[in-house]
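Here is the structure we will look at, set down as structure tokens.
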Amino acid sequence: MKTADLSRRSALRAAAALLFLPGLTACALSRAGTDAQLIADALDATWRFVVAQVPALAISPATQASLTNAFRAINAGGWELTTQAAASPDAVVDFVKGVNEVITVIVANPAIPLELAGPAGAPIAAILAAVVTLMPEVESSFKLAIPIASIQRSPGAAPIPAPPRSAPPVDAEAARDLLTRVAATKQRPVPPR
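Heads up: the sequence shown begins at 239 in my numbering, then just goes up one per residue.
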């Protein structure tokens, strides 16, 4: 009798664990989706701000096409991560590739001053640092570890003065707070200088 009771109890525990597992996975994906959408909106707001603020920004047709594809991948990936309980790893890979492309274009273009106070007043460098801080949070929900583009300019490029006000965020919550403020500026048009 005792063996049957233990067996029944074990079966009930196993069933309960299976019932709770989708909820736990959904919570993890929900956080990853929220972070992904925040990154998508903040990068979009930052890029629009840069284009409006940097006069005569040299963007070749190839770079423009690359950015268009990158933002499509970011927006599609961010949306899928937010709306699906089990987003595909391919969507995450495309999302990361898109984020890497946008970061690479901003960092590689010496016409864009990284110390420029971007949307919500934080330097562009601090916004990129916040994105880089949150990317592993998005990836880890899917057990992925794709290298994220560097936010440091190469030695041959124009020097980067230290950001005058805010230093790069040091933790995920600080990064979320900064990107939330940047993303909130997305809907507002940026007045030209």
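Each residue gets a CB set at the ideal place from its N, CA and C atoms; glycine is no exception.
Would you kindly work out how many angstroms separate the C-alpha atoms of Val409 and Ala367, rounded to a whole number?
Here the sequence assigns Asp to residue 409, which means Val is not the residue at that position. Approximately 10 Å, taken between the alpha carbons.
Starting from Ile344, follow the alpha helix (DSSP H) in both directions and report where the run begins and ends. 327-346
>> Whole angstroms are fine: how far does the CA of Ala360 sit from the CA of Val345?
In response: 16 Å
**Prompt:** Can Asn313 and Ala355 be called in contact, C-beta distance under 8 Å?
**Reply:** no
| For Ala360: DSSP bridge partner residues | In the DSSP output, where bridge partners are listed per residue, Ala360 has none listed.
| message | Contact defined as beta carbons within less than 8 Å: I believe Ala376 pairs with Ala274. What is the distance between those atoms, to the nearest angstrom? | response | Correcting the residue identity first, residue 376 is Val in this sequence and not Ala. With 8 Å as the limit, Val376 and Ala274 qualify as a contact, their Cβ atoms being about 5 Å apart.
Measure the C-alpha to C-alpha separation of Ala412 and Met373 and round it to an integer number of angstroms.
14 Å
Q.
Please return the same chain residues whose Cβ sits closer than 8 Å to the Cβ of Leu305, not counting the five positions on each side in sequence.
A. Trp285, Ile297, Glu339, Val340, Val343
> By Cβ distance, which residues of its chain are closer than 6 Å to Ala422, with the 5 residues on each side in sequence left out?
Replying inline: none
Near Leu319, which residues of its chain fall below 8 Å by C-beta distance, leaving aside the five closest residues on each side in sequence? Leu267, Ala270, Gly271, Ala274, Gln275, Ala325, Ala329, Val330, Phe333, Val376
Report the partner residues of Ala303 according to the DSSP bridge assignment.
None; Ala303 has no bridge partner.
#### Entry: 6 Å Cβ shell around Arg414 - same chain, five flanking residues per side excluded
none
Check each candidate in Ala300, Leu295, Val337, Gln390 and name the one with the smallest Cα separation from Ile350.
-> Leu295
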